[in-house]
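To start, the structure under review is shown below, and the notes come after it.
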């Protein structure tokens, strides 16, 4: 039996309002037109659905049974339509992501490759930005969300931590400290260092400087650079020891350098997703965020 969905919708409206007049007003139809639709539905089913008097409209037993089934059916149709709309949005949508240059150069390419395989129709736009500009791009909605370490000016943002990322010491394998399993900040005194500048990674540099000051140690900073690959390149040329987040060690350099945890004090930063508080993500952005979660959460670099 083929039942017109419009007839079922009219039936539900009368059943909910218990009035042909009110149902007609809500659907912008005349009472006679609505009555004709209900009669058509009753004729198709072969049973009365309503008991009508001059003062009231009530459901028959068959009407009550149909009411339950019709609500379930229309709810499933509505859910299916929502899924189709979401799928269509996913096919034609784009996601804008702001990422720390460190993450963009190390972890992000593999994440985006897997996402492209799962969602080939979604275009992902990536902006490499340091934290102040990254936060502004999220606030102004130029991007959907960011991936970075937190810092100052986070009051309007929600930070979802995913990875605990320790600061480590990188050096050439023949460096005097290379055989030590753990290196303290005290061990770094009198050794040439390659560090991030205050603008390159302000929070990390402040942590290192504060740790040295707390122990009354004067660090010998010979070179200050902006990006992790530059730190690794300088170290690889024998220009000094580098202090760098573990996740930021370029894969191409990792096999050529000795990497040791920094202890006493152990400096650990958290890497995660940054969004504006109270702002929901679009379906494509949520899908990419979930891909990042699945990739990063099981692989905390603190275990390395």
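Numbering (this note's numbering), first residue to last: 8 to 311.
All residues carry an ideal CB built from backbone N, CA and C; glycine is no exception.
Query raised in the report: DSSP state of residue 149, grouped into three classes?
Result: Start at 1 with the first residue of the chain shown, and residue 149 comes out as number 142. When secondary structure is reduced to three states using DSSP, residue 149 falls in the coil class, being assigned neither helix nor strand.
Query raised in the report: Are residue 235 and residue 251 closer than 7 Å when you measure CB to CB?
Result: As a first step, residue 235 must be located in the chain shown, where it is residue number 228. As a first step, residue 251 must be located in the chain shown, where it is residue number 244. The answer is yes: Cβ separation under 7 Å.
Query raised in the report: With burial defined as no fewer than 16 other Cβ atoms inside 10 Å of the residue's Cβ, what is the status of residue 120: buried or exposed?
Result: What you label residue 120 is simply residue 113 of the chain shown in a count that begins at 1. So residue 120 ends up on the exposed side.
Requested in this report: Identify which residue in 221, 281 and 91 has its Cα closest to the Cα of residue 160.
Outcome: Sequence index remark: in the chain shown, residue 160 carries index 153 (1-based). Nearest to residue 160 by alpha-carbon distance, out of 221, 281 and 91, is 281.
Requested in this report: May I have a chain-ordered list of the beta strand (DSSP E) segments no shorter than 3 residues that lie completely inside the stretch 246-308?
Outcome: Runs found: 248-252, 265-270 and 275-283.
Query raised in the report: Considering only C-alpha positions, which residue in the set 215, 135, 256 and 254 is nearest to residue 274?
Result: In the chain shown, counting from the first residue as 1, residue 274 sits at position 267. 215 is the residue among 215, 135, 256 and 254 whose C-alpha sits nearest the C-alpha of residue 274.
**Report entry** Anticipated Cβ contact below 8 Å, residue 45 with residue 56, distance rounded
**Finding:** Translated into the one-based positions of the chain shown, residue 45 becomes position 38. Translated into the one-based positions of the chain shown, residue 56 becomes position 49. Residue 45 to residue 56, Cβ: 7 Å. Contact.
Query raised in the report: Out of curiosity, what's the CA-to-CA distance linking residue 105 and residue 228?
Result: As a working mapping, residue 105 is identified with position 98 in the chain shown. As a working mapping, residue 228 is identified with position 221 in the chain shown. Taking C-alpha positions only, residue 105 is separated from residue 228 by approximately 31 Å.
Query raised in the report: Would residue 66 pass as a contact of residue 14 if the rule is Cβ separation under 7 Å?
Result: On the chain shown, position 59 is the one that residue 66 refers to. On the chain shown, position 7 is the one that residue 14 refers to. Contact check for residue 66 against residue 14 fails: the beta carbons are separated by 7 Å or more.
Requested in this report: Answer yes or no: do residue 138 and residue 158 have a C-beta to C-beta separation smaller than 7 Å?
Outcome: Looking up residue 138 in the chain shown gives position 131. Looking up residue 158 in the chain shown gives position 151. Between residue 138 and residue 158, the CB-CB gap stays under 7 Å.
Query raised in the report: What does DSSP give as the partner residues of residue 168 in its beta bridges?
Result: Taking the first residue of the chain shown as 1, we reach residue 168 at position 161. Answer is 279, bridged to residue 168.
Requested in this report: State whether the stretch 127-137 contacts the stretch 159-175, with contact taken as three or more CB pairs (one from each stretch) at a distance under 8 Å.
Outcome: Verdict: no, contact absent.
Query - Close-in-space but distant-in-sequence residues of the same chain around residue 115 (CB under 6 Å, 5 per side omitted) - result: What you label residue 115 is simply residue 108 of the chain shown in a count that begins at 1. If we look at residue 115 and ignore the five residues flanking it on each side, its Cβ neighbours are 106.
**Report entry** Cutoff 7 Å; reference residue 136; Cβ partners in own chain excluding five residues on either side
**Finding:** Along the chain shown, read from residue 1 onward, the residue named residue 136 stands at position 129. The residues are 105 and 144.
Query raised in the report: Which runs of the alpha helix (DSSP H) spanning at least 4 residues fall entirely within the stretch 10-52, listed in chain order?
Result: Within the stretch 10-52, the complete alpha helix (DSSP H) runs of at least 4 residues are 12-24, 27-33 and 38-52.
Query raised in the report: When DSSP labels each residue in this structure, what does residue 202 get in the three-state scheme?
Result: For the purposes of this step, residue 202 is taken as residue 195 along the chain shown, with counting starting at 1. For residue 202, the secondary structure class from DSSP, reduced to helix, strand or coil, is strand.
Query raised in the report: How many angstroms separate the CA atom of residue 20 from the CA atom of residue 50?
Result: Position 13 of the chain shown, counting from 1, holds the residue named residue 20. Position 43 of the chain shown, counting from 1, holds the residue named residue 50. Distance from the CA atom of residue 20 to the CA atom of residue 50, rounded to whole angstroms, is 18 Å.
Report task. Check the C-beta distance from residue 315 over to residue 248 and give it rounded, since I have them as a contact under 8 Å. Result -> Given that the chain is displayed from residue 8 to residue 311, the structure contains no residue 315 and the question cannot be resolved.
Query - Whole alpha helix (DSSP H) elements within the stretch 64-119, 4-residue minimum - result: You should have 68-99 and 108-113.
Report task. Using three-state DSSP, classify residue 58 as helix, strand or coil. Result -> Along the chain shown, one-based indexing puts residue 58 at 51. Here residue 58 sits in strand by DSSP.
Requested in this report: Provide the residue span of the alpha helix (DSSP H) that contains residue 212, from first to last.
Outcome: Taking the first residue of the chain shown as 1, we reach residue 212 at position 205. Taken as a continuous stretch (DSSP letters only), the alpha helix (DSSP H) holding residue 212 covers 209-221.
Query raised in the report: From residue 86 to residue 79, what distance separates their C-alpha atoms?
Result: Here residue 86 refers to the residue found at position 79 when the chain shown is read from its first residue. Here residue 79 refers to the residue found at position 72 when the chain shown is read from its first residue. The alpha-carbon separation between residue 86 and residue 79 amounts to approximately 11 Å.
Query raised in the report: Of all the options 155, 195, 89 and 212, which has the alpha carbon lying nearest to the alpha carbon of residue 254?
Result: Working through the chain shown from its first residue, we reach residue 254 at position 247. Of the listed residues, the one whose Cα sits closest to residue 254 is 155.
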